[in-house]
Every structure is written in structure tokens, then in C-alpha cells.
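There are 2 protein chains.
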Amino acid sequence: ELVSLLRLHLAPKPLAGRHALVTAGPTWEAIDPARGITNRSSGRQGYAVAQALAEAGAAVTLVSGPTSLNPPTGVRVVRVESALEMRAAVLDRLPEMDILVATAAVADFRPAQKASRKLAKTALQGPLELCVNPDILAEVAAHAQRPKLVVGFAAQTHDALALGAAKHQAKGVDLIAINDVSQAGLGFGSEDNHLVLIDAGGTHDLGRADKLMLARALVSHITSLLSSPTLE
Amino acid sequence: ELVSLLRLHLAPKPLAGRHALVTAGPTWEAIDPARGITNRSSGRQGYAVAQALAEAGAAVTLVSGPTSLNPPTGVRVVRVESALEMRAAVLDRLPEMDILVATAAVADFRPAQKASRKLAKTALQGPLELCVNPDILAEVAAHAQRPKLVVGFAAQTHDALALGAAKHQAKGVDLIAINDVSQAGLGFGSEDNHLVLIDAGGTHDLGRADKLMLARALVSHITSLLSSPTLE
């Protein structure tokens, strides 16, 4: 905690004056007041990215789905539940942002209907109708008020690199960080991760490390991209 | 922590020699390795019941769905994810149990198919086929090796008492504890709760209090039922 505070205040501030928005955690797509669809994201990687950006001097807003994590010191937190709420929270703040890092595991689908009262078992007998959630990352990347640097995350359990590279192209983001969640002890819910970055310059394997170390390496990469002439 | 330890060792032990099984938390019904259906249960009420039973001298096994809670001191914890895993963990241990307290918010339904790899968005376009989960509480209540005392929990957002009373009858349990999760600051995810007990003797309102206080009041009620001639 003290080490974190010292680092927050004493580390070099290459991102001073920059505004960064980070999304983190899962989203919760309610079926009724008690039940919902969600995913195994703990939010740890995103909270670590928010912390690393703050250490590097950025003014950080963290839009967080439901997690049990304490927010990093010096970071403004906006709590949301669903993908639709997360989208609204992100779009609201887009004009002032220089950087977006979308680590959240946004649900691709939500129940087509949300019951306002807890459903009886018998009301849930049929198949559950789903509808597609907005793709927040793709929307931001194509937005008129797009931040200078848009970074996406991709969690893949197989063919991580191929799927990640396809996602990098399809979404129009500047940088995509791929984590392979198929290995035990990595990714979802764990302290460690393995990140591979893909950008216009190629593939950069950050290796396996704890999520905060990887977040700091990612922020170094972000800092160098922001100062490169192609982006400015 | 010290107070808890003192109470664990110094409180009266009316349940010494009794074996109690407590289920707690939500269940996680996987759609694929990343996505699943679950509910808002934090597991707090169940963990508190396990603690209160241990304080009263019972040998407690806690079968817990995914939660972020630390297990109470002196309680054996068995971690499970799905309703099917919870059922197996409960039935395995049934023969030695005197008391079952089923606080877990077991999912009524699970996806009919569980994908072993993370599904692409396009694979999830149709409605999600669900199938009915076993009713662990009803199964235990009707089991040949039924514990002497079977206690169920019911979380209801409306008509709590009427639905709870119907559940008491339908499931063949000795005692049902109803918590109304429709009020802000109560029930799911919060520290406080409001419990009403229904048994053959009638309705007993334990009032609104923190979950550990209510757990201790519930355990007092369990103790008196166990020593009543109708049950023995």
C-alpha cells in the first residue's frame, strides 16, 4: 500500500495531462432481480491498468462492472452493471478522453426481456431469448470523438493469436491485448496473466507476469505509441 | 476476529455432537468456459449460519458455491460451482448429518449444453436452451437418509410470506426462513437481512438485523426444534 502510494507520487509522469478511461470487470445482464448472465472476469487486469495509468500521471476514470475489488488510489470510479449502462457511461465521457483501454468483459448478449419481479420457476420453462449487446469498443473506435488511442482486450480460450489479430483488424483499434484464459492459473480470476500486444507495428509478447506488472508494461507501450509521429 | 474466536470456544454448546451441513452462495451454470448464468447471492447469510452452528458446538460442513468470502473458523468448506456439483456434494455427506440448512441460491435452470471452448458471438445468436436443475432441498427432505432437521431458505421479491408458506408445505422441510430481498439494503449482497421463520408451530419474525445476529437467532430456533419431542 505504501509502495503503491510512493509509486503513484514519485514515478515518472509521461502521461501527465492525459485523460484515460478504463473499463473493467464483467457486465451483469439481468434475467430478473435475482438472476442474470455474466462471466468470470474478476476485473483485476482492468483495475491494474487503471492503477498503472494513474502512476504514469494520467487522470483516470474507471468504468467498472460488478467486482469485489477496491478501486486503486487516485482513480475516479463509475460503477455500472449492464453492457448498456457501461456503454452510456463510456460515451458520456468520451469527448474529454485521450486514451480508452477497454478491459471489461462485456457480455455479448443480454436477455431480451428483464423481469421486474423474481420469476417463478414455471415462468422460466422455455428457452431464454437473447438479444445482441452493443459492441462498445468498436463503437468508440469508429466514433467522431474517438480518443487518440483506443486499446482493446481479447480473452480467448483457443487460437488466441489468430482470433486476436482478426479482432484487431475488425474493430479498428490501435492496440489489442490478447490474454489466453485457457491455461490454469492465468487470466480470469487469477493474479497472473499472459499478454500479447498486437498493433500496426506487429506483435509484442509481454510474457507471463502478475497483472500489475503487465499493466505497467502495457502503459509503457501506450506511452510510446502516444508519442509516435503516426498517431500524433 | 478475537471476539469470534472467543465465542467459538466459550459459547454454550447445545449442538455438541451434532453434524450440520450448510449450503451457501450462488451456483454458476456455465454456458462456456467464460460465460454463465448465476444470481446475486453473496453467500454471506449462509457463511453466517455455518459460523453460528459452529459456535453452538456443531461439526459444520459448508458446501459453498463461488463467493469471495473467507470461510468461518472451525468450519470444513467444500467448494462447488454448479447445482449438479452442489447436489453431489450434499448427497455424498447426507448419511452422517443431523441438520441441513440450505441457504444456497441454487440456480433453477442451467444451459442445456455447456460448450468446452469459448463460443464466438455468432454461435450464440439463437435463444439459449435451458434445462431444469434438480431441487436439492426437496430431494434431501424426501430422502431415506434425511437429516433430522431440514431447513430451507426462500428469497422472494414479492409476496414473500405467501410464497414462503407454500414452499414450506411443498418441499417437506421442517423450517423455512424467508428473506425479502426486495428492500434496498437487505438480502442479496448486503450485510443486513430480514428473516421470518415458518415451521409447524407457526410464523416467527426474527426482525431486521445483520446476517450473523439473524444466523444466531436461527440456530437458537434450530436448537429448540431439535430438542422438541415431536422431532425426536
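Heads up: the protein sequence lines correspond to chains A and B, in order. Residue numbers are given in our numbering: position 5 of the first sequence equals residue 316, and the series is strictly consecutive. Residue numbers are given in our numbering: position 46 of the second sequence equals residue 357, and the series is strictly consecutive. Ideal Cβ placement from N, Cα and C applies to all residues, glycine included.
Under three-state DSSP, which class holds residue i?
i         : result
GLU543(B) : No answer about GLU543(B) holds up, because its pLDDT of 47 lies below 50 and its placement is not dependable.
ALA327(B) : coil
LEU430(A) : coil
THR534(B) : helix
LEU508(B) : strand
LEU411(B) : strand
GLU440(A) : coil
LEU319(B) : helix
LEU313(A) : helix
GLY463(B) : strand
LEU380(A) : coil
ALA367(B) : coil
ALA335(B) : strand
ALA455(A) : coil
ALA526(A) : helix
Going by DSSP, what residue range makes up the alpha helix (DSSP H) through residue i?
i         : result
ARG390(A) : From DSSP, ARG390(A) is part of no alpha helix (DSSP H) but of the beta strand (DSSP E) over 387-390.
GLU450(B) : 447-452
LEU402(A) : 394-404
Could you spell out where the beta strand (DSSP E) holding residue i opens and where it closes?
i         : result
GLY513(B) : 513-521
GLY347(B) : 346-350
ILE489(A) : 486-491
ARG421(A) : 420-422
VAL417(B) : Looking at the DSSP string, VAL417(B) is not in any beta strand (DSSP E), and its letter there is neither H nor E.
ALA370(B) : 370-375
Exercise for the section: Taking 8 Å as the threshold, find out whether the stretch 362-369 of chain A comes into contact with the stretch 342-354 of chain A through three or more Cβ pairs. Expected result: The way I'd put it, the stretch 362-369 of chain A doesn't touch the stretch 342-354 of chain A; fewer than three beta-carbon pairs between them come closer than 8 Å.
Problem - Contact residues within the stretch 440-455 of chain A, judged by C-beta distance below 8 Å to chain B - result: For the stretch 440-455 of chain A, the beta-carbon criterion of a distance under 8 Å to any beta-carbon of chain B is satisfied by GLU440, LEU441 and VAL443.
Exercise for the section: Please name the residues in the stretch 357-376 of chain A whose beta-carbon is closer than 8 Å to at least one beta-carbon of chain B, in chain order. Expected result: For the stretch 357-376 of chain A, no residue has a beta-carbon sitting nearer than 8 Å to a beta-carbon of chain B.
Handout entry: Three-pair Cβ contact test at 8 Å for the stretch 402-415 of chain B versus the stretch 331-339 of chain B
Key = Segments in contact, yes.
Problem - At least 3 beta-carbon pairs within less than 8 Å: the stretch 370-389 of chain A vs the stretch 419-434 of chain A - result: No contact exists between the stretch 370-389 of chain A and the stretch 419-434 of chain A.
Practice task
Flag this pair as touching only if the stretch 480-487 of chain B and the stretch 451-460 of chain B have three or more C-beta atom pairs under 8 Å; answer yes or no.
Solution key: In this structure the stretch 480-487 of chain B touches the stretch 451-460 of chain B; the number of beta carbon pairs closer than 8 Å is three or more.
Practice task
Check whether the stretch 380-397 of chain B touches the stretch 521-539 of chain A, counting contact only when three or more Cβ pairs, one atom from each stretch, lie closer than 8 Å.
Solution key: At 8 Å Cβ cutoff, the stretches do not touch.
Handout entry: Interface residues of the stretch 395-425 of chain B facing chain A [CB-CB below 8 Å]
Key = Listed in sequence order: ALA416, ALA418, ASP419 and PHE420.
Practice task
For the stretch 383-395 of chain B, enumerate the residues whose C-beta is nearer than 9 Å to any C-beta of chain A, in chain order.
Solution key: For chain A, none of the residues of the stretch 383-395 of chain B brings a beta carbon within less than 9 Å of one of its beta carbons.
Problem - Contact the stretch 316-331 of chain B vs the stretch 511-527 of chain A: 3+ CB pairs below 8 Å - result: Contact fails: fewer than three Cβ-Cβ distances are below 8 Å.
Exercise for the section: Please list the residues of the stretch 321-346 of chain A that have a C-beta atom closer than 7 Å to any C-beta atom in chain B, keeping them in chain order. Expected result: Cβ contacts with chain B: PRO344, ALA345 and ARG346.
Handout entry: Three-pair Cβ contact test at 8 Å for the stretch 434-444 of chain B versus the stretch 438-447 of chain A
Key = These segments touch.
Practice task
For the stretch 514-543 of chain A, enumerate the residues whose C-beta is nearer than 8 Å to any C-beta of chain B, in chain order.
Solution key: Those residues of the stretch 514-543 of chain A that come within reach of chain B (Cβ to Cβ, closer than 8 Å) do not exist; the list is empty.
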